[in-house]
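First comes the structure, then the notes that go with it.
Numbering (our numbering), first residue to last: 18 to 114.
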C-alpha cells in the first residue's frame, strides 16, 4: 500500500482495529470506574431517559458484547462503499476516533 495506490481493505481493517481497541478499552474502563460523574466528561451523555421510554432499567447494558473485528470492519466497509468516500476519508476517521 502506497500513497499512489492505497490498499483500501488494509486501511479499513487497520482503522477498525483501532476503533475496536477503543471499544474494548472503554468497556474495561467502564467496569472499573466509579458511577460518579467527573465534571470534565463533556461527552458522557445520560441515556436514562431512553431507558424509561423503553421500559427497561439499563439502556446501556454492561453485558452487551463488544463487536468482533469482522463485524466492525463489515459495518465500516458498508458505510465507506455506500457513501462513495475517497480513500483519504479512511485516514481522516482516525482523527475522530
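Note that CB positions come from ideal geometry on N, CA and C, so glycine has one too.
Worksheet item: Which whole-angstrom value describes the C-beta separation of residue 93 and residue 33, a residue pair presumed to lie in contact below a C-beta threshold of 8 Å?
Response: 5 Å
Discussion item. Using only CA atoms, which one of 100, 40, 110 and 103 lies nearest to residue 83?
Written reply: 40
Practice prompt. For the alpha helix (DSSP H) holding residue 87, just list the boundary residues, first then last.
Written response: 86 to 99
Worksheet entry | residue 55 to residue 96 span [Cα, whole Å] | The predicted position of residue 55 is uncertain, since its pLDDT is 49 and thus under 50; a value taken from the coordinates is nonetheless stated next. About 34 Å.
Fill in: Inter-residue Cα distance where the pair is residue 27 and residue 108
11 Å
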